[in-house]
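Novice: Residue numbering for the sequence shown follows my numbering, starting at 223 and increasing by one per position. Cβ coordinates follow ideal geometry from the N, Cα and C atoms, glycine included. Before I ask anything, let me first share the structure, which is written out below as structure tokens.
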Amino acid sequence: MDDSTEAYLCINDPNGNRAVHCSESHAHLEEEKFRRKLKYFFMNPCDKYKARGRKPWKLILQIVKIAVVTIQLVSFGLSNQMVVQFKEENLMAFRHLFLKSFRDSSTDTYSIYTQHDVYTHIAFTVKQFLMLPSITVGNHQYEKEGDVYTPLTICQQFYRNGSISPANETFDIDAQVDEGDVLPPFSPLTTNPLNFTLHFERLLTVTVNFTLKAINLETVEYHELPDCYVFDIMITFDNKAHSGRITIDLDNDVHIYECRDWSVTDASPRNMYMLVLFDVIVILILMLSLLLCARSVKAGVHLQFEYTEFFSIHHGKHVSFSDRMEFINGWYILIIVSDVLTISGSLLKIIIQLKAVASYDLCSILLGTGTMLVWIGVLRYMGYFKKYNILIITLRAALPNVIRFTCCAAMIYLGYCFCGWIVLGPYHTKFRTLNVVSESLFSLINGDDMFATFKNMQHKSDVVWLFSRLYLYTFVSLFIYMVLSLFITLITDTYDTIKVRELISTFTPTYLSRGPLTLYLQSQLGVSMVHLRDRWR
């Protein structure tokens, strides 16, 4: 009986039960209307297009967004690659220029062991700094503030007072740390010889600081304007342990600026402006995607309240939290998060291109994470096809058991981490810190570098050496042969169960697998929830 027939009977009821029949008919029409509304809400874009001719604008927009976001990421990656390469090559060049007898192949920490070596290395660094324009093969120059060169400084940290006598096993130390210049700051034009004395029994660190400038000319080849770089270089002589070994480290802070005056033939800022324009277009597409997804989430929340009120009034039933969450589409939340991250990264990318900041790492994290989530969001549309949605269904079904299993396995894993750190740490480089221990054990689970882990254990204590064998053998046996195998079994069992259900099921209306409609059919047909889920899943 269609809606028009029921309306006719309501007006021309031969039995005179017009009021009762009209009330029942109105309630039935209202329920039917709400049922269709629910059914349409849970349709995929293709079904909505077939039902009402509604074009899948969000689907089209997501496809366009994937293309432009990926192009933007590749463009930024290529540009960032040149920046990273230039910084790394300059850092290596500085180590060769200012560290005496530095070797690329050196895998150990660069160290010295005598007082004479300390004075010699500091003098070598200062000499190389003064001779820089005549020895460097790059375009490195001293920094100038106006007409004055930025000076080189040699600073030290030391205990205020100290008297140490290891022979008598006595010491008297004032723990207050003072800082001061070993020598007054001097410019590159200084020719005075070095003359200073260090008190090694109280010395903590000596730092040599200076600033250099350079221009990255590699970008000219790609028709981009070169950037000007400022390198704040710090060479540290570390004597905090007072162990007879002073470690030397050279590090630099890099600042990138737009060059003030430039002239390059066949080059113009046009490419940069085109990139900025493209980034603006990407931001507009992302904002449109964000608004559409936010509107869909809002509509789902509104329908969820409407659905809860409908069942409370008409059927006196309480809707569970899990059924209410069926209206909140997690894929839309994922897309919103990815859009926010990518918009933030795109704005930061524009600022970087304008040379206002040089936060390449933060921009990489934002753009990389946003693009990753965008591509993961493609799985939502792959799920509309039965032959391609097996990954989503398997992950969704296995996730609760996997989380519970992982929590239990993590307790055992953490126990091995703490035990290995405290027992094997003094005798094995792979167990010196908790972070390194965790990385080493995770590598063992994957079968990486297993022989080296056994071999590099120092045999200074028989008890610890025997314990290390017991520790490593039990960990490898437990996690590879038991924990990892059980983890894989959880996934395969879930996959097999899903395949069996697909073979048994003759058809599976997607809208009947939803919690709200299942509850609706239960109230109308009197069929149990378990039976419905077993029937339609």
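Leaving aside the five residues before and after F308 along the sequence, list all residues of the same chain whose C-beta is less than 7 Å from its C-beta, in chain order.
Specialist: Start at 1 with the first residue of the sequence shown, and residue 308 comes out as number 86. Excluding residues within five positions, the ones whose Cβ falls inside 7 Å are N438, E440.
Novice: In three-state terms, what does DSSP make of Q379?
Specialist: Locating residue 379 in the sequence shown gives position 157, where the first residue counts as 1. Here Q379 sits in strand by DSSP.
Novice: At the level of alpha carbons, what is the spacing between I565 and L508?
Specialist: Taking the sequence shown and counting its residues from 1, the one referred to as residue 565 is at position 343. Taking the sequence shown and counting its residues from 1, the one referred to as residue 508 is at position 286. For I565 and L508, the distance between alpha carbons rounds to 7 Å.
Novice: Assign N623 to one of three DSSP states: helix, strand, or coil.
Specialist: The residue given as residue 623 occupies position 401 in the sequence shown. Helix.
Novice: Below 6 Å CB to CB, which residues in the same chain sit around L747 once its five sequence neighbours on both sides are set aside?
Specialist: Within the sequence shown, numbered from 1, the residue matching residue 747 stands at position 525. Caution applies to L747, whose pLDDT of 41 falls short of 50 and renders its modelled position unreliable; the model cannot decide the point.
Novice: Can you tell me where the alpha helix (DSSP H) holding F346 begins and where it ends?
Specialist: One-based indexing of the sequence shown puts residue 346 at position 124. It spans 337–352 - the alpha helix (DSSP H) in which F346 sits, taken as one unbroken run.
Novice: Helix, strand or coil: which one does DSSP assign to P388?
Specialist: Looking up residue 388 in the sequence shown gives position 166. Coil.
Novice: Under 8 Å Cβ to Cβ from N551, same chain only, skipping five residues before and after it: list those, please.
Specialist: In the sequence shown, the residue the question calls residue 551 occupies position 329. Excluding positions up to five away in sequence, the list reads S518, V519, G522.
Novice: Determine the extent of the alpha helix (DSSP H) in which I573 is found, giving its start and end residues.
Specialist: In the sequence shown, counting from the first residue as 1, residue 573 sits at position 351. Start and end: 552–575.
Novice: Is K571 near L589, with beta carbons less than 8 Å apart?
Specialist: Indexing the sequence shown from 1 puts residue 571 at position 349. Indexing the sequence shown from 1 puts residue 589 at position 367. Their beta carbons are under 8 Å apart, which means K571 touches L589 by this criterion.
Novice: Report the partner residues of A436 according to the DSSP bridge assignment.
Specialist: Your numbering for residue 436 matches position 214 in the sequence shown. Its beta-bridge partners are Y451.
Novice: How long is the line joining the alpha carbons of D483 and L447, rounded to whole angstroms?
Specialist: Within the sequence shown, the letter at position 261 stands for residue 483. Within the sequence shown, the letter at position 225 stands for residue 447. Whole-angstrom Cα-Cα distance: 11 Å.
Novice: Decide if G402 is buried, meaning its Cβ has at least 16 other Cβ atoms within 10 Å, or exposed.
Specialist: Counting from one through the sequence shown, the residue named residue 402 turns up at place 180. The residue is exposed, with fewer than 16 neighbouring Cβ atoms inside 10 Å.
Novice: Could you tell me the distance, in whole angstroms, from the CA atom of K287 to the CA atom of H540?
Specialist: To locate residue 287, count along the sequence shown from 1; it is residue 65. To locate residue 540, count along the sequence shown from 1; it is residue 318. When rounded, the distance between both Cα atoms is 40 Å.
Novice: Please state whether DSSP places T331 in a helix, a strand or coil.
Specialist: Position 109 of the sequence shown, counted from the start, is the residue given in the question as residue 331. T331 falls in the coil class under three-state DSSP.
Novice: On the DSSP bridge list, what partners appear for H477?
Specialist: Taking the sequence shown and counting its residues from 1, one reaches residue 477 at position 255. According to DSSP, which records beta bridges pairwise, H477 is partnered with V452.
Novice: Of the residues L295, I598, P648, W687, which one's Cα is nearest the Cα of C585?
Specialist: Numbered from 1 along the sequence shown, position 363 holds the residue referred to as residue 585. Comparing Cα positions, the closest option is L295.
Novice: When you compare the CB of P406 with every CB in chain E, is at least one pair closer than 8 Å?
Specialist: Absent here is chain E; the protein component of the structure consists of one chain.
Novice: Please report the residue range of the alpha helix (DSSP H) in which V296 lies.
Specialist: If you number the sequence shown from 1, residue 296 lands on position 74. First-last of the alpha helix (DSSP H) with V296: 279–320.
Novice: Can you give me the start and stop residues for the alpha helix (DSSP H) that K677 sits inside?
Specialist: Here the question's residue 677 lines up with position 455 in the sequence shown. First-last of the alpha helix (DSSP H) with K677: 672–677.
Novice: If I follow the unbroken alpha helix (DSSP H) through T591, where does it start and stop?
Specialist: Position 369 of the sequence shown holds residue 591. Segment 582–604, the alpha helix (DSSP H) holding T591.
Novice: Let's see if you can read the secondary structure: which residues bound the alpha helix (DSSP H) around S544?
Specialist: Indexing the sequence shown from 1 puts residue 544 at position 322. Element bounds for S544: 543–546.
Novice: Tell me whether I431 sits in a helix, a strand or coil according to DSSP, three-state version.
Specialist: As a working mapping, residue 431 is identified with position 209 in the sequence shown. Reading off the sequence shown, one finds Asn at residue 431, where the question assumed Ile. If DSSP states are grouped into helix, strand and coil, N431 belongs with the strands.
Novice: Since T419 and N461 are thought to touch, with beta carbons under 8 Å apart, how far apart are those beta carbons, to the nearest angstrom?
Specialist: The residue you call residue 419 lines up with position 197 of the sequence shown. The residue you call residue 461 lines up with position 239 of the sequence shown. No, T419 and N461 are not in contact; Cβ-Cβ is about 15 Å, not under 8 Å.
Novice: Within this structure, are the beta carbons of Y164 and V442 separated by less than 8 Å?
Specialist: Outside the displayed span of the chain (223 to 759) sits residue 164, for which this structure offers no information.
Novice: Going by other Cβ atoms of all chains shown within 10 Å of its Cβ, with 16 needed for buried, is D396 buried or exposed?
Specialist: Your numbering for residue 396 matches position 174 in the sequence shown. Exposed is the call here.
Novice: Check G637 in the structure and name its three-state DSSP category.
Specialist: In the sequence shown, counting from the first residue as 1, residue 637 sits at position 415. Note: G637 maps to helix in three-state DSSP.
Novice: Write down the C-beta distance between H650 and M672 rounded to the nearest angstrom, noting that I regard them as a contact closer than 8 Å.
Specialist: On the sequence shown, residue 650 is found 428 positions in, with the first residue counted as 1. On the sequence shown, residue 672 is found 450 positions in, with the first residue counted as 1. H650 to M672, Cβ: 14 Å. No contact.
Novice: Could you tell me whether the stretch 643–658 touches the stretch 619–627, using the rule of 3 or more Cβ pairs below 8 Å?
Specialist: The stretch 643–658, when compared against the stretch 619–627, does not touch it at the 8 Å Cβ threshold.
Novice: On a CA-only basis, which of L313, D501, Q337 is nearest I457? Give me that one, please.
Specialist: Walking along the sequence shown from the start, residue 457 turns up at place 235. The option with the nearest alpha carbon to I457 is L313.
Novice: What residues in its chain sit with their C-beta under 7 Å from that of R274, if we drop five residues either side in the sequence?
Specialist: As a first step, residue 274 must be located in the sequence shown, where it is residue number 52. Same-chain partners within the cutoff: there are none.
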